[in-house]
Structures are given as structure tokens and as C-alpha cells.
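Contents: one structure, followed by commentary.
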Amino acid sequence: MNAPDVLVVTGAGGMGAAVARRLGSGRTLLLADAVPGHLDRAVTALRAEGYGARGLVTDIASPAAVAELAAAAAALGRLAAVVHTAGVSAATSTVDRIMRVDLAGTAHLIDAFAPLAGPGAAVVCVASMAGHYARLSPADEQALATTPATDLLDLDLITGFDGDPVHAYILAKRANQVRVEAAALTYHRRGARINTISPGVISTPMARVEQESPSGAHMTAMLDACGAGRTGTPAEIAEAAAFLTGPHSLYITGTDLLVDGGQAAWIRRHRVS
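Read the sequence shown against UniProt numbering and you will find it ends at 273, with the numbers running on by one and no gaps.
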């Protein structure tokens, strides 16, 4: 009997739950989140809907926890896909936590799942439209892309960081994008693919906290100005993840898919500084 296909989804929030529902049918679903109560509620709901879901408490900032997640996935069967939605926001986190979770944590996850990624497997890391705001030198981007994950937080760019959580978030999400570019060759040699999705403002509990923060009015005004006039939905991110992990994107790897209602395009071509 063939081993079951395994789907790993990190983050049990709005995007993670939507991805689990969109991709989890007929698969063994391993859901990871750092908050036990949040994770338990999500797994219980998914099981009640017929999904073969199980949960593992995982702090993405911990390399040991990420390695445990990968080992748990390997024990369940053949890895089909990983969709990494877990992360923290600028509105509720410190610079240090953003660097540890959003930047280094994603790098550790990319490394941990590479040995499991065989032919046909696909990994999607959720970055952010914010990564397209970053203004880094080619040398800094190369360092973020290729420095061993264990040494990332020791880079001068990180230890000497002089900015607020918003700018830390921008840096971390750009790091996600370039890290995936660099990892694509390793995954390709195993017959697998890896990409990022960069959402704009998506209607999740985390985004609602952001909208209630001091930058919330600017965020809303930007949505109107770019023509979208609305936030995105978690289901739209799940559809993008379904495309990037499915059979219609086999020639797509090492790149970023913007799902932002045109916000980045407006910023680049129409916003008056």
C-alpha cells in the first residue's frame, strides 16, 4: 500500500486554515502553530469537517522545533507540499522576534524540509508585499540569500539593524524572497519546487490588528488609491498556494507571486513621494 501524501501547513490562523481546507482533502494534514489552544481549535474544526488533521506545537523561531516538525512529517508518509504561513506582525512584535521568527525561522524551515522534498513536492513560503519595499544592496541580499541559517542572525545587517518593527518586517520578508530564490537549485535537484507568495492586505485577525495600529489609515488609503478598494481574502491566498503546489505550475520555481490587488504596482508607478 502506498504511503499517504502529507501536507504540512504552518500557522493555524486565517491563511493557514484556508490553505488547509483548500489542499488538505485526501491527504494527511499536519498543522503547526506556536499557540497550543489556537492549534487545538483549528485541528478539532478540521477533523469535524472530515480532514485527516493532526497538530504539532511548533515555534518556528526554534531550529529544534522546526527539525521536529520535519521529522514528524517524514514519519507520516510522502511529503507532497509545505505551505508556510506562520509568522508575526510588525504591529504586535518586537524587532528581535520578527528577526527570529519571520527571517531566521523561515530559513530553518526551508533547510529542514529540503531532504524530504522528492519528485513532485512543492514548498510555498508566505512572504509579503512588504518585501518589495526593501532597499538593500546586492551584497546584503546575497548574504541574506546564502548565509547558513544558523548564522543569519549574526550578520552585521541584523546585529547592526537600526529601525523599528515595520522596517524589520520589510527586511525579514525580503529575506524570505531571496532565500527561496537561492534554495530553488537544491530543491530542483531533488525534483521539487519552492516559491514564495507575497500577499498584500489580507483579511485575517493579524491584519485587523495592523489596521487598528497607527499605520492602519495609511494601509486603507493605499488600498483605495491602487484601485483594489478592498482587502484580499484568505481563500485567495489559498488558491495561489494551490496553484504553486499543483500540476499547473511545474515550470515555476525560485520566484515570488504577488497577490496584492495591485498595491506594489501602484507604489512603483503611481504614488507621489
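No residue lacks a Cβ here, since even glycine has one placed at the ideal position from N, Cα and C. Since the model is a prediction, treat every value here as computed from it, not as a measurement.
What residues match up with residue i in a beta bridge as DSSP calls it?
i, result
"V259", "P199"
"T10", "A32 and H84"
"D5", "R78"
"G55", "L31"
"I170", "Answer is none; I170 lacks a bridge partner."
"I194", "V123"
"G232", "I202"
Considering only residues of the same chain and omitting the five flanking positions on each side of residue i, which have a CB-CB separation below 6 Å?
i, result
"A34", "D59"
Give me the Cα-Cα distance between residue i and residue j, rounded to the nearest whole angstrom.
i, j, result
"V6", "A117", "11 Å"
"H84", "A112", "12 Å"
"Q177", "M222", "23 Å"
"A18", "P199", "14 Å"
"G227", "A75", "47 Å"
"A134", "R174", "6 Å"
"V180", "I237", "18 Å"
Which whole-angstrom value describes the C-beta separation of residue i and residue j, a residue pair presumed to lie in contact below a C-beta threshold of 8 Å?
i, j, result
"A32", "V43", "About 10 Å separates the two Cβ atoms, so there is no contact after all."
"A45", "I98", "Contact doesn't hold; Cβ gap of about 29 Å is too wide."
"A104", "A71", "About 19 Å; that fails the 8 Å criterion."
How is residue i classed by DSSP in three states: helix, strand or coil?
i, result
"G77", "coil"
"F243", "helix"
"T159", "helix"
"G37", "helix"
"S249", "helix"
"I60", "coil"
"E49", "coil"
Who are the Cβ neighbours of residue i in its own chain at under 7 Å, not counting the five residues just before and after it?
i, result
"A73", "V6, V8, L30, L79 and L116"
"A143", "L155 and L157"
"A3", "G77 and R78"
Leaving out five residues on either side along the sequence, give the residues of the same chain with a beta carbon under 8 Å from the beta carbon of residue i.
i, result
"G232", "P199, G200, V201, I202, S203, V259, D260 and G261"
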